[in-house]
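Here the sequence shown is numbered in the numbering used here, starting from 268 and rising by one per residue.
In what follows, a single structure is set out as structure tokens and then discussed.
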Amino acid sequence: MKKRRLVILPGVPAVTGGTSDRSAVGQHEPDPEYFGIRAKGKIAIEAKPEPLEIDLSRTAILVVDMQNAFVKKGGMLEKADRPLVGEGTIKPIQKIL
Numbered sequence: 268m269k270k271r272r273l274v275i276l277p278g279v280p281a282v283t284g285g286t287s288d289r290s291a292v293g294q295h296e297p298d299p300e301y302f303g304i305r306a307k308g309k310i311a312i313e314a315k316p317e318p319l320e321i322d323l324s325r326t327a328i329l330v331v332d333m334q335n336a337f338v339k340k341g342g343m344l345e346k347a348d349r350p351l352v353g354e355g356t357i358k359p360i361q362k363i364l
């Protein structure tokens, strides 16, 4: 398995970068028009500690266990001295999903 790294993006609590050597059961090619996007090419996102390059044709979105600790005052992000994105994080995720 390849090494993974954690990247904090503005407006998004956490994103993991990297890939797995394991293949998914029932893999298929989704219709990008269903999601209103064109999943082609690569994009670069300014992030800390370094910019993140994402290949849209090989990228999935995974939201795991959204908790108040990540989006509310006094939560994990605030304690880690990261910008607090608040409940405004949830609506953009709902649009994507």
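By construction, the Cβ of each residue, glycine as well, lies at the ideal position given by its N, Cα and C atoms.
Note that the coordinates shown come from a computational prediction; the quantities given were computed from them, not determined experimentally.
What number of angstroms, rounded off, separates the C-alpha of E345 from the C-alpha of K309? On the sequence shown, residue 345 is found 78 positions in, with the first residue counted as 1. On the sequence shown, residue 309 is found 42 positions in, with the first residue counted as 1. Their Cα atoms are separated by approximately 31 Å.
When DSSP builds the beta bridges, which residues end up paired with D332? Sequence index remark: in the sequence shown, residue 332 carries index 65 (1-based). D332 pairs with nothing; no bridge assigned.
Please name the residue or residues paired with E313 in a DSSP beta bridge. To locate residue 313, count along the sequence shown from 1; it is residue 46. In DSSP, E313 forms no bridge with anything.
Within this structure, are the beta carbons of I357 and V331 separated by less than 8 Å? Stepping through the sequence shown from its first residue, residue 357 is reached at position 90. Stepping through the sequence shown from its first residue, residue 331 is reached at position 64. Going by C-beta atoms, I357 is not nearer than 8 Å to V331.
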